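Please read the structure below before turning to the comments.
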Amino acid sequence: MTNSATNLRLKLPMACIILEVIIIILFGTLVQYDDETDAKLWHKEIANGSSNYDNDFYYRYPSFQDVHVMIFIGFGFLMTFLQRYGFSSVGFNFLIAAFALQWATLMQGFFHGMHGGKIHVGIESMINADFCTGSVLISFGAVLGKTSPVQLLVMSVIEVTLFAVNEFIVLTVLGAKDAGGSMTIHTFGAYFGLMVARVLYRPNLDKSKHKNCSVYHSDLFAMIGTIYLWMFWPSFNSAVTAHGDDQHRTAMNTYYSLAACTLATYGLSAVVAHDGKLDMVHIQNAALAGGVAVGTAGEMMLTPFGSMIVGFLAGTISVLGFKFLSPILEQKLKIQDTCGVHNLHGMPGVLGAIVGAVTAALATKEVYGDGLLPLLRNRQTPASFQGIRQAISLAVTLGIALLGGLITGFILKLPIYGAPPDTICFEDGIYWELPGEEGSHEELTTVRTPDEAEKLNA
Amino acid sequence: MTNSATNLRLKLPMACIILEVIIIILFGTLVQYDDETDAKLWHKEIANGSSNYDNDFYYRYPSFQDVHVMIFIGFGFLMTFLQRYGFSSVGFNFLIAAFALQWATLMQGFFHGMHGGKIHVGIESMINADFCTGSVLISFGAVLGKTSPVQLLVMSVIEVTLFAVNEFIVLTVLGAKDAGGSMTIHTFGAYFGLMVARVLYRPNLDKSKHKNCSVYHSDLFAMIGTIYLWMFWPSFNSAVTAHGDDQHRTAMNTYYSLAACTLATYGLSAVVAHDGKLDMVHIQNAALAGGVAVGTAGEMMLTPFGSMIVGFLAGTISVLGFKFLSPILEQKLKIQDTCGVHNLHGMPGVLGAIVGAVTAALATKEVYGDGLLPLLRNRQTPASFQGIRQAISLAVTLGIALLGGLITGFILKLPIYGAPPDTICFEDGIYWELPGEEGSHEELTTVRTPDEAEKLNA
Amino acid sequence: MTNSATNLRLKLPMACIILEVIIIILFGTLVQYDDETDAKLWHKEIANGSSNYDNDFYYRYPSFQDVHVMIFIGFGFLMTFLQRYGFSSVGFNFLIAAFALQWATLMQGFFHGMHGGKIHVGIESMINADFCTGSVLISFGAVLGKTSPVQLLVMSVIEVTLFAVNEFIVLTVLGAKDAGGSMTIHTFGAYFGLMVARVLYRPNLDKSKHKNCSVYHSDLFAMIGTIYLWMFWPSFNSAVTAHGDDQHRTAMNTYYSLAACTLATYGLSAVVAHDGKLDMVHIQNAALAGGVAVGTAGEMMLTPFGSMIVGFLAGTISVLGFKFLSPILEQKLKIQDTCGVHNLHGMPGVLGAIVGAVTAALATKEVYGDGLLPLLRNRQTPASFQGIRQAISLAVTLGIALLGGLITGFILKLPIYGAPPDTICFEDGIYWELPGEEGSHEELTTVRTPDEAEKLNA
C-alpha cells in the first residue's frame, strides 16, 4: 500500500514547515495583542476605572471553547463514519484546522481593518478564525477520502483567503448580518467544496466503493461528532453577536430550531429509508441542519415559533436531499459529495440566508425597540434595505464560492500532491502507519481463545 | 429482521410530525421572549442603566451547556454499553430529549406561572427543560432495549406533563428546595420508569438475553457517558441555584461528594465482584450516585465533610443494590431494570431527599447568617418546618411517580406502537438500517453467550 | 487469568476505604468554606455592597470545567491507545484522579497557608487540586500497564504530598511564576514518573510486548483524549492566572503555540516515520507539547509570534524524542516509559521552564506597563532576578521529582500490592471482569460489500 506517488515523506513536511514558517514570520511582523490582551494597554484601562472583570474574555471565552469543540471534535468525529478512514478524518481535520486558524487570523485581520499597520488579536479574532476554519472543514467533507493532506493544506490556503474576501464584502461592504454564518460559513464552505469535488471528479471511484461506507462502531464514533455539533450550535451562532439580549436570544433560537429539526429528521428518515427503518446518515447530518438554517436570522426577533418552523423545514429538505438529490448530483452533475455537505450545509445555508433576508426586511421599531439599531448597519435606511443587503450577500457568496472552488479544483488537480489512486480512496493505510498493518497476525480486537489463554497462564 | 408489526414507516413519522406540529402551534400562541431575550424589553433595561454584561446569559449559559452535554452525551453514551444497541441508545436518547425539552418548556411554563397568558422563555427555562428531559431519560434507562421509539415518545408526553405537575407541587405549593433534583428529577424519573418497566414485564425476555450484555468496545463508549456525567454533575446541581455563594457552594459540594463516591464504588466493587475484579457496571453507574445524593442538600451548608459522607454512602448502596437488590427486583417484583436506574437514581435519589430534609431542618442563623432566608421559602417559620416540607415532597414525588408510571405502563402496553418481540430486544437492527448487517467474516468484537460463559467457567 | 497474588478483593477495598475514611476525617477537622462559598460570610460581603455576580465562581468555573475534562476525559482516553487496556486506562485514571483531588486539597491547603488552623476551599482550590492530579496522571502514563491500582493509589499519596511541597517552594518560597505548570505539573510529573518506572524496571517485559501496542479502534478512542487536551489547554494554562488581561493573554498564547506545534508534529512525523506515513503516536502526543511548553511563559508578554516559535520547537523535540530518545531511554537507561511522557511532558516541560525564565528576565516596564508588577513576586528587584528565581525553581523541581520518584519506586516495589506479572502486563483481564473475552461467532462490526448489499436488497 506504499508507492512513491503517494509517499509524503518530502511533500507533507515541506508543506507543513514552509507554511508554518511563513505564518510565524507574518505574525512576527504584523500581529499585536489587542487592548484586552496587552498588559500595558489593559492596565491603562484599569487605571482609568475599568475592572478586570470587564475584560471581554469572560463574555466570549466560554462560547469560544464550545466553538473550538465543534471544530475539532464535532467536525473531526462526524467524518469518522467511514469504516477505514477514522485516522484521516480526525487527523486531517486536526491538521488543516490547526493551520487554517492561524492563516485565518492573518487574512481576516488584514481585511477586517488593520490598526496602524498591525493586526490586533484577542478572543474575537480567535472565534472568527475558528469560524473560517469551519468553512474549510465543510469543504473537506465534500472531498473526504479522495485527497491527500497536502492537497487539503493547499485548499485551505486558498479557501481561507477567499473566505476573508467574501466575509469582508458581505459584512463590511454590504453591511449584512450573518453572525452564525449561514452565508459566510455554510453556504460558502459547501459550494466551494462541491465545486472542488466537481473538478476532482473521479469516474472510476467505484473501485473504492466497498470502503465508502460505515461499520457499526464507526457510526458510533460519528455520533460523537454529531451530538457535539448539535449541543454547541447555540454557542456557535451566538459567539460573536452583540452582548446582552442578542447573544442570549441567538442561543435560544438555535436551541429550538435544532430541537424541531431533530423531530423532522427522525420522522422523514423513517418515511424515506428502507423498510421504515432509520438511516444513520440522516440522523448524523440532517438533524444539524436546523443550526445552519438560523445562522443568519438567529440573532433577530425570529421568535422560538419561527425558529422551530425554520428548523423543521431545514431537517426536511436535508433528509430529502440525502435521499433524492445526492444521487442526482453524483450521476448527472458528477459531484461526488462524500459527506453530503450539500444537504447539511449547502441547502440549509441558502435557506438560512433567505430566512435572514426576510426576517431583517420585516424588522420594525415596534418589535425591536432600541434593539433595532444594532441590527441595521445603515441607520438611515429602512429595514427593507437591510433585507436587500442580505439577499445580495447571498448571491455574492455563491459567486465567490463557486468561482473560487473552480479555480482551486484545477490547482488541486496537478499531479504533485500525492493524491490517492482510485483504488485506494477512503483508506487510512495510504497515509498512516496502521497498527497491525503488516507482519502481525493479530486481529483488531479479538479475542483470545481458551487454548491460548491456557497457554498464556501456563 | 423486518416485519410489519415493528415497521415504523408510518408510526414514527406520524408521531414525530404530529407532535412537532402541535408544539409549534402551541409555541406560536403561547411562548414569548422574556425580558432578557426580547430586544425591546432588554434595551429598555439598558436605557434604565443596566449593562449588557448583567444579562443572565453570562451567569447561567456555561452551566446550561454542561447540563446539555450531560443530557445528550452523558445519558446517550452511558446507555451504549449494550453490545448491539448503540444506535438506539444514542439515537433514541437524542430523539426523545429533543422532543422532551420542547414539551417541557410548555408544561413547565404553564405550571410555573404564565405572564399575561404567555410563557416566558430564557436561559432558566432552557435549563429547566433540560432537567425535565433528564428525568425522562432516567425512565428510558429502565425500559432500554424493550421499547419502540413511538412508545418512548408517548411515554415522554405523559412523563413530562406529570413531571411539571409534581415539580409545581414540590417547589411551588410545598416550597421545598430541590435545585439538583434529588426528588423531582432522580426519584421521580427512576420510580416512574421502574413502574413502567413493571407493567411492561416480559416473562420471556431471556430469549434476548444473549444480547443483554456488553462487549469490550461498547463498555468503553459507555465510559464516555459516565465520565461526562461525573465531571459536569457539579454544574447540574448548581445550574439553577441562587447566584453567588449558593451556586459556588453547590458545585463544590457535588465535586467532593462524587470524589468520595468514586472511591467507595471501586472499593465495594472489588469486594462484591467475581474474583476480586472490578465490574464495569458498578464503575459506570455507582460512581455517579454521589451526584444524585447531594441534589437537594448541595446548595445548603452541607460542608465538604458532609458531602463526602453522603457521597460515600451513595456509592456504597448503589454497588450493593446492583449486586443484591437488582436480582430480587427482577425475580420477585418482576421489574426488568435494564440500566439499573434503581441503583443509580432511585435509592440515591431517596437518600438525597432525606439528606436534604435533615440538612434543611438543622439550618440555623448562626451558620447561614443572612444566607438563611433564601433557603427557606417561608420566612416566618423555623427551619424545622422546611425539613418537613422536604419530607412531604419526597412522599408526593414517590406517589405521583408510581401512579403515573402505572398508568403510563398500561397505555404503552397497547399493541399499536411497534414494540419489539421478546426475541429481538436489545437489538438495533429492528429499527435501524445497519451497516454490514450480514456478510463478511471479519470479527471486531465478540460476545460471550451465557452458555459459553458457563462452559468457560467450568 | 486469576491468581491470588493479583487478586484485589481485599487489597483494593482496604486501600480505597481506609484512604477515604482518613480523608473524610481530615476534611471534618480541617476544611472550611472560604469567603465566597460560605453563606454567612458571602452574605456579609453582599451586605457591604458586593454583588452576587462578583463571586469568583463566574470568572473561574468555566475554566475549571475545561481543566476537569482534561483530567478525566483527556488523560483517561489518551491512554486507551493500548489494545486491551482501555478499562484500566480510563478506569484507573478515574480512580486515582478522584482520590488525588481530595488528597491534594488537603496537602495544598496545608502548605499554601492555613486560615486560623483551617483550610479554606473554593473554586481556586478546586482548580489547584485538579492541577496536582494532572501531575499524578502524567506519572501514571510512565508506568501504564505495569502497575496495580493499589500501587497507583500509594504512588498518588506520596506524589501529591511531594507535589505540594515542591509547589510551595517554587511558588511561595522562591516566588516563581508557573501558572500553567511547565515546572510544577509537567516537569515534576514526568521525571517523578520516569524515576518510578526506572526503579520498577522489568527486564522481561517483552513477554507482554504483543499487548503493548494499539489497534485501530483503540487509537481512535485515544484521539478523543488528545483532542480534548489540545482544545482545552488554553483553559488549563489560564485557569489560575490573574484576572483580566493575564487570563485572556495566556489562553491566546497557548492557542497559537498549540497550532504551530501541530504543524511541526505532522511535518516531522512524516519525515521520521516509516515510508513517509504519519505515526499516530506522534499525533496523539507531540501535538500537545506546545501547551506544555508555554505553561510558564504563557501569561507573560510572549506574543503570538513567540508562542508559535516555542510551540514549533516543542513539537519538533517531542517527535524526535519519540523516534530517537525513547529507544535509548529504554535500552540504556532501563526506563520503560509506556506513554512516552518524557517526550510529551518531560522535555517540553523543561523547555517551558527555560522559556519562562528567559521571558521573565526580559520583562520591561515599557512592554508591561503597570502589568509588570503582577508578574514579579518581589517588586523591589529587577526582572532579571525573576528569571533567576524561575531557573532555580526548575532545578528544585527536577531534584524533588527525581528523588521523590526514586523513593516511591522502592516503596512500590514491595511485593504486596498485587502488581501484574511480566506475562500479563497491558491487559485489562487481570483486574477487570471482561465481557465476551472469548467465544462466539457473532460479528459486530462487519462490512457489506457491494455484491452482498445487492443480494440483500434483491
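Residue numbers (UniProt numbering), protein chains in the order written: chain A, 1 to 458; chain B, 1 to 458; chain C, 1 to 458.
We put the beta carbon where it would ideally sit given N, CA and C, even for glycine.
Since the structure is predicted, the reported quantities are computational estimates derived from the model, not experimental observations.
Review point. Relative to chain A, which residues along the segment 225 to 236 of chain B have a C-beta separation below 8 Å, given in chain order?
Key: Of all residues in the segment 225 to 236 of chain B, none places a beta-carbon less than 8 Å from a beta-carbon of chain A.
Check your understanding: Name the chain B residues that come within less than 8 Å of Phe312 (chain A), Cβ to Cβ?
Key -> Glu20 and Ile24
Review point. When DSSP builds the beta bridges, which residues end up paired with Val121 (chain B)?
Key: Answer by DSSP bridge pairing, in chain order: B:Tyr33.
Review point. Which residues, taken in chain order from the segment 299 to 310 of chain B, show a beta carbon closer than 8 Å to some beta carbon of chain C?
Key: If the cut-off is 8 Å between Cβ atoms, the segment 299 to 310 of chain B has Met301, Thr303, Pro304, Phe305, Met308 and Ile309 near chain C.
Review point. Within 8 Å (strictly less), CB to CB, does Leu144 (chain A) reach chain C?
Key: no
Review point. Going along chain A, which residues have a C-beta under 7 Å from Thr262 (chain C)?
Key: Phe94, Leu95 and Ala98
Practice item. Report the option in A:Lys323, A:Met301 and A:Leu263 whose CA atom is closest to the CA atom of Ala363 (chain A). Key: Nearest C-alpha to Ala363 (chain A): A:Met301.
Review point. How about Cys339 (chain A): is its C-beta nearer than 8 Å to some C-beta of chain C?
Key: no
Check your understanding: Just to confirm, are Lys40 (chain B) and Tyr368 (chain A) a CB contact at a threshold of 8 Å?
Key -> yes
**Study point:** Inter-residue Cα distance where the pair is Lys211 (chain A) and Phe87 (chain A)
**Key:** 14 Å
Point to revise | Phe140 (chain B) vs Ile73 (chain B) beta-carbon contact at 8 Å | key: no
Exercise for review: Please confirm if Gln247 (chain C) has its CB atom under 8 Å from at least one CB of chain B.
Suggested key: no
Exercise for review: Run down chain A in chain order and give the residues with a C-beta less than 8 Å from the C-beta of Phe72 (chain B).
Suggested key: By Cβ distance, chain A contributes Ile227, Trp230 and Met231.
Check your understanding: By the 10 Å Cβ neighbour count, where 16 or more other Cβ atoms means buried, how is Lys11 (chain B) classified, buried or exposed?
Key -> buried
Practice item. Classify Ser148 (chain B) as helix, strand or coil using the three-state DSSP reduction. Key: coil
Check your understanding: Does any C-beta atom of chain B lie closer than 8 Å to the C-beta of Arg202 (chain C)?
Key -> No, no contact with chain B.
Practice item. Could you tell me whether the Cβ of Val367 (chain B) comes closer than 8 Å to any Cβ of chain C? Key: yes
Point to revise | Nearest neighbour of His342 (chain C), chosen from C:Val165, C:His217, C:Gly109 and C:Ala289 [CA to CA] | key: C:Ala289
Exercise for review: From the DSSP output, read off the bridge partner residues of Leu278 (chain B).
Suggested key: Note: Leu278 (chain B) sits in a beta bridge opposite C:Trp432.
Exercise for review: Below 6 Å CB to CB, which residues in the same chain sit around Ala286 (chain A) once its five sequence neighbours on both sides are set aside?
Suggested key: Hits under 6 Å: Thr265, Gly315, Ser318 and Val319.
Exercise for review: Counting only the same chain and skipping the five closest in sequence on each side, list residues whose C-beta sits under 6 Å from that of Val355 (chain B).
Suggested key: Ala297 and Val310
**Study point:** Strand pairing of Ser214 (chain A), partner residues [DSSP]
**Key:** For Ser214 (chain A), which the question treats as bridged, DSSP gives the partners A:Leu82.
Review point. Got a sec? Which residues, its chain only, sit under 6 Å from Ile424 (chain A) by beta carbon, not counting five neighbours each side?
Key: Ile430
Exercise for review: Name, going along the chain, the residues of the segment 273 to 296 of chain B whose beta-carbon falls closer than 8 Å to a beta-carbon of chain C.
Suggested key: Ala273, His274, Asp275, Gly276, Lys277, Leu278, Asp279, Met280, Ile283 and Ala287
Exercise for review: Given a cut-off of 8 Å, decide if Ile388 (chain C) and Val154 (chain C) are closer than it, judged by their beta-carbon atoms.
Suggested key: no
Practice item. Could you tell me the boundaries of the alpha helix (DSSP H) in which Val69 (chain A) lies? Key: Phe57 to Val69
Review point. Shortest alpha-carbon distance to Ile227 (chain C) belongs to which of A:Phe94, A:Ala142, A:Lys146 and A:Met308?
Key: A:Phe94
Review point. Ala15 (chain A): which of A:Val157, A:Met195 and A:Gly346 sits nearest, CA to CA?
Key: A:Val157
Check your understanding: What residues from the segment 55 to 69 of chain A come within 7 Å of chain B, judged by C-beta to C-beta, listed N to C?
Key -> Tyr59, Pro62 and Asp66
Practice item. Give a yes or no on whether the minimum CB-CB distance between Asp219 (chain B) and chain C is below 8 Å. Key: For Asp219 (chain B), the closest Cβ of chain C is nearer than 8 Å.
Review point. Going along chain A, which residues have a C-beta under 8 Å from Cys425 (chain C)?
Key: Here the premise fails: no neighbours, minimum Cβ distance about 12 Å.
Point to revise | Alpha carbon of Ile185 (chain C) to alpha carbon of Leu137 (chain C), nearest angstrom | key: 10 Å
**Study point:** Helix, strand or coil at His186 (chain C) [DSSP, three-state]
**Key:** helix
Review point. Shorter than 8 Å from the beta carbon of His43 (chain A) to some beta carbon of chain C?
Key: yes
**Study point:** chain A contact residues for Tyr266 (chain C), given Cβ-Cβ distances below 7 Å
**Key:** Leu12, Cys16 and Leu95
Point to revise | Residue nearest to Tyr53 (chain C) in terms of C-alpha spacing, selected from B:Asn48, B:Ser51 and B:Tyr59 | key: Looking at the Cα atoms, B:Tyr59 is the closest of the given residues.
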